[in-house]
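The opening residue of the sequence shown carries number 4 in the working numbering; numbering runs sequentially from there. To start, the structure itself, in structure tokens.
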Amino acid sequence: MMQKKPMKGNLGKLPSSLKWLQWKRCNLSSYYSNYYPSELAIFDLSESQIERIGSQEWTWSRKKAANKLKVLNISDCHKISAIPDLSKHKMLEKLIAERCSNLQRIHKTVGNLKTLRHLNLKDCSNLVEFPSEVSGLKNLEKLILSGCAKLKQLPEDIGKMKSLQELLLDETAIEKLPSSIFRLTKLERLSLNHCYSLKQLPGLVGNLSALKELSLNGSAVEEIPDSIKNLEKLHTLDLIWCKSLAALPHSVGNLKSLANLWLYGSAIEIVPESIGCLYYLRSLSLGNCQQLTALPVSIKGLASLVELQIEKVPIRSLPHVGALKSLKILEIRNCERLGSLPDSIGELSALKTMTITRNDAITELPESVGELQNLVILRLTKCKRLHKLPDSIGELKNLVHLLMEETAVTVLPKTFGMLSSLMILRMGKKPFCQVPQSTEITDTATDAKKETEPIVLPSSFSELSLLEELNARAWRIIGKIPDDFEKLSSLELIDLGHNDFSHLPSSLKGLHFLKKLLIPHCKQLKALPPLPSSLLEINAANCGALESIHNISELVFLRELNLANCMSLVDVQGVECLRSLKMLHMVGCNVSCASIVRRKLDKVALKNLDNLSIPSNEIPSWFTPSEVHFSKHENNEIKAVIIAIVVSVNCAEPDDLRDELPVLANIFAKIVRANRPVFTTGMYLAGVPTTPEDQVYLCRHQDYHPLVSILEDGDIIQVGLGNLPVTGIELKKCGIHLVHENDDDYEGNEESLDETQQSVSERLTRL
């Protein structure tokens with residue numbers, strides 16, 4: 004880090020007509036006494052080392068001092084303990100002292116600055132008191148005291164600040180507001196967020212006739228005064244996380260201008276029926292109101308409501324909502340007791356987003372859902388008992404996102420292909436968990452039959468020509484997938500992992516925009532057909548029956564190929580042509596197949612690879628075991644760090660976390676500096692071996708990776724097991740090699756060279 008040098012010279016040389024002086028990070032603790040910029044209007048000393056602003060440093064109170072000053076900024080001046088007498092500055096309009104962490108006192112004359120319009124003392128965490136006499140601040144428009152955690156009271160005559168428009172007191176220790184606050188008839192914003200000591204508001208708060216925003220987020224307020232009904236201009240009432248607030252006054256219905264009513268996390272037990280009179284309400288948040296058991300019937304009167312959020316509320320039903328003609332966003336999350344949606348849901352003609360997630364009671368959606376002609380996003384994620392989509396779903400012509408992961412739906416309606424705008428379809432299931440059974444008495448034999456029936460996508464499915472993402476993970480798709488996938492011409496991502504089909508359609512090659520093909524754990528899959536050259540990633544890990552892969556030499560953009568635990572695979576034709584390949588994972592594969600593939604990789608391919616994993620128990624002898632000490636060379640920059648590890652997995656020791664993760668977790672690399680770790684990173688070891696044989700993982704970290712870029716002389720790089728609760732993993736060997744400039748740059752033939760003369764990547768071809 005560059006050391007700061009003290010500024011030299013004479014400030015008196017600066018012109019006396021100077022109007023704007025910005026001196027951020029000034030490292031002087033005092034000023035030159037012979038410089039009086041009489042025309043100075045803006046003075047910015049933020050982030051400076053100045054200790055005091057007073058007559059000893061800059062003669063602020065003398066007649067020669069700058070009396071035309073309008074803006075003074077001393078933000079982040081952490082050594083200043085007091086704001087001095089500024090009474091001579093008759094034109095001062097703006098005083099900013101944010102984050103002056105040592106500031107404790109403000110001179111009483113600040114309360115007489117008649118020209119002051121903006122006073123910002125945000126996050127002055129040690130400020131204990133504010134001047135008690137503020138009658139002079141008649142033109143102050145904005146007072147910010149948020150984050151003054153030790154400030155317990157405001158001046159009693161605060162009502163004399165006739166021009167005050169914003170009063171921000173968030174995260175202060177204020178216990179009560181002065182009774183004179185009702186005189187602030189121009190106040191538009193009052194913010195008391197996270198005022199944990201504030202239990203009540205003044206009864207005359209309703210006299211703040213200009214108030215537009217009242218924010219009590221996280222405060223200890225126990226009651227809202229009935230006088231709130233007089234706040235005719237109130238636009239936003241924020242009562243989020245008011246855990247002591249159990250009720251709203253009936254008079255809340257008089258707030259005719261109210262647009263936002265946020266009750267998330269409050270202790271509200273009943274929403275008053277008068278809420279239906281809030282004709283201009285646009286946003287209503289009832290999330291986490293765990294004492295609220297029902298919504299008022301009068302909610303149908305909210306004709307302007309645009310967003311309704313209900314989360315973790317123990318309601319069993321929704322009232323008639325069809326009258327909410329302006330509603331665009333409906334969110335119902337974690338309402339586990341809600342057993343159904345009303346038929347009137349289809350009358351929400353403006354609805355664009357409907358979210359019903361984490362529900363264990365809803366079994367089906369009403370047919371009226373098909374009437375939501377403007378619906379763009381439908382989220383049904385983790386509705387674990389939802390077993391059926393309505394036939395009318397095909398009528399949703401504008402639906403773009405259908406997210407229904409981890410539901411009990413196993414059959415798509417025949418009309419599904421009519422979703423002509425659908426681009427994102429996520430309907431994957433959790434591979435390792437059973438969908439909960441219905442609590443109703445069912446025919447066991449019928450249920451068992453359904454569990455074994457092959458899943459067939461409806462014939463209309465291929466009509467989804469705009470579909471970009473398809474996730475049908477763990478849908479129990481069996482047999483051969485129909486060969487009409489080429490009609491899904493917009494597909495960019497396919498996730499068909501954890502299914503039981505034996506063949507993929509040959510028409511996949513026609514998907515010219517496909518970038519990711521994810522088919523892990525398809526244990527019946529025997530072959531991969533010709534694939535499109537647009538692919539960036541193929542994941543076929545744990546496809547134990549996979550015997551052959553069509554020549555992949557044309558996949559010129561492929562960056563990751565995961566074939567971990569494909570034990571039946573014999574060869575990977577064309578892998579030597581993949582110059583974009585960065586990751587090749589073959590742990591758990593047949594040793595013979597892995598050896599064939601490894602021999603195809605020349606030094607250029609190995610230089611490009613960041614991750615390579617194959618069955619083996621050897622690390623090159625020229626790697627440094629366990630840890631390596633880094634010495635910086637002025638003319639020989641480090642370009643990469645290569646780490647090789649040998650591991651084995653005790654497959655007889657089951658571990659859900661280890662077996663369900665796509666990577667081998669709990670192995671870390673770290674940099675130790677002066678006996679302290681300064682950087683730790685988990686190794687990206689894709690593919691968890693399903694055999695106990697040793698596997699070697701080779702990871703190359705390029706110079707832009709922190710494991711390389713932050714290295715300093717004397718650092719130590721270490722590799723070892725972490726503290727994650729993953730069992731059955733044995734780290735048998737590890738080695739580290741530092742790649743410096745010119746160590747891996749030779750492009751000529753190296754077969755005749757001695758090993759010590761060969762490039763790093765050439766030596767890796769002997770791995």
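Heads up, the beta-carbon is just placed ideally off N, CA and C, and yes, glycines get one too. All values reported here derive from a predicted model rather than from experimental measurement.
Asked, Found
"Identify the residues that DSSP records as bridge partners of Phe-46: which are they?", "Leu-24 and Leu-75"
"If you follow the beta strand (DSSP E) that Arg-334 is part of, which residue opens it and which one closes it?", "Reading off the sequence shown, one finds Glu at residue 334, where the question assumed Arg. Unbroken beta strand (DSSP E) run through Glu-334: 332 to 336."
"Could you check if Ile-713 is buried or exposed, using at least 16 other CB atoms within 10 Å of its CB as the buried criterion?", "exposed"
"Per DSSP, which residues does Glu-54 bridge with? Please list them.", "Answer by DSSP bridge pairing: none, since Glu-54 is not bridged."
"Of the choices His-553, Lys-529, Leu-561 and Cys-596, whose alpha-carbon is the least far from that of Leu-539?", "Leu-561"
"Are the segment 354 to 371 and the segment 414 to 425 in contact at 8 Å, needing three or more beta carbon pairs?", "no"
"State the DSSP-derived secondary structure class of Val-274, mapped to helix, strand or coil.", "coil"
"Identify, in the order they occur along the chain, each residue of the same chain with its Cβ nearer than 7 Å to the Cβ of Glu-225, setting aside the five sequence neighbours on each side.", "Lys-202, Gln-203, Ser-247 and Leu-248"
"When the Cα of Ala-647 is compared with those of Lys-735, Asn-639, Glu-656 and Glu-640, which residue comes out closest?", "Lys-735"
"Can you tell me whether Ala-250 is helix, strand or coil according to DSSP?", "strand"
"Could you tell me which residues DSSP pairs with Cys-737 in its beta bridges?", "Ile-648"
"Between Trp-265, Ala-176, Gln-760 and Asp-47, which lies nearest to Lys-22 when the distance is taken from Cα to Cα?", "Asp-47"
"State the DSSP-derived secondary structure class of Pro-628, mapped to helix, strand or coil.", "strand"
"So for Leu-767, helix, strand or coil by DSSP?", "helix"
"When you compare only the Cα positions, how much space is there between Leu-520 and Thr-684?", "28 Å"
"Out of Val-650, Val-691 and His-636, state which residue places its alpha-carbon closest to the alpha-carbon of Asp-659.", "Val-691"
"Which partner residues does Ile-732 have in the DSSP bridge list?", "Val-652"
"In the DSSP assignment, find the beta strand (DSSP E) that holds Arg-602 and state where it starts and stops.", "Looking at the DSSP string, Arg-602 is not in any beta strand (DSSP E); the run it does join, the alpha helix (DSSP H), is 594 to 603."
"At what residues does the alpha helix (DSSP H) containing Lys-777 begin and finish?", "With the chain covering 4 to 770 only, the question about residue 777 has no answer from this structure."
"Is the segment 743 to 751 touching the segment 588 to 602 in the sense that three or more CB pairs, one from each, lie closer than 8 Å?", "no"
"If we ignore side chains and look at the alpha-carbon of each, how far apart do His-501 and Pro-434 end up?", "6 Å"
"Quick one: grab the DSSP three-state call for Ser-424.", "coil"
"The beta strand (DSSP E) that contains Lys-498, what's its start and end?", "The identity of residue 498 in the sequence shown is Asp, whereas the question assumes Lys. Counting along the chain, the beta strand (DSSP E) containing Asp-498 begins and ends at 496 to 498."
"Smallest Cα separation from Ala-672: which of Val-652, Tyr-707, Asn-653 and Leu-724?", "Leu-724"
"Where does the unbroken alpha helix (DSSP H) through Ala-608 begin, and where does it stop?", "606 to 611"
"Closest to Glu-136 by C-alpha separation, out of Leu-157, Leu-119 and Asp-126, would be which residue?", "Leu-157"
"Kindly indicate which three-state DSSP category Arg-186 falls into: helix, strand or coil?", "helix"
"Let me confirm a value: Arg-28 is counted as buried when at least 16 other C-beta atoms fall within 10 Å, else exposed. Which label applies?", "exposed"
"For Tyr-707, I'd like the list of residues in its chain whose CB is within less than 6 Å of its CB, leaving aside the five on either flank, ordered along the chain.", "none"
"Per DSSP, Cys-386 forms a beta bridge with which residues?", "Asn-362"
"Output the distance between the C-alpha atoms of Ile-86 and Gly-114, rounded to the nearest integer angstrom.", "12 Å"
"In the DSSP output, what is Met-2 paired with across the bridge?", "With the chain covering only 4 through 770, there is no way to say anything about residue 2."
"Can you say whether Asp-498 is buried or exposed, counting buried as having 16 or more other CB atoms within 10 angstroms of its CB?", "buried"
"Kindly identify the DSSP beta-bridge partner or partners of Gly-482.", "Phe-504"
"Who pairs with His-524 in a beta bridge, going by DSSP?", "DSSP, once it has assigned bridges, lists no residue as partnering His-524."
"Does the separation of the CB atoms of Asn-528 and His-553 fall below 8 Å?", "In the sequence as presented, Asn is not what sits at residue 528; that position holds Leu. Their beta carbons are not under 8 Å apart, which means Leu-528 does not touch His-553 by this criterion."
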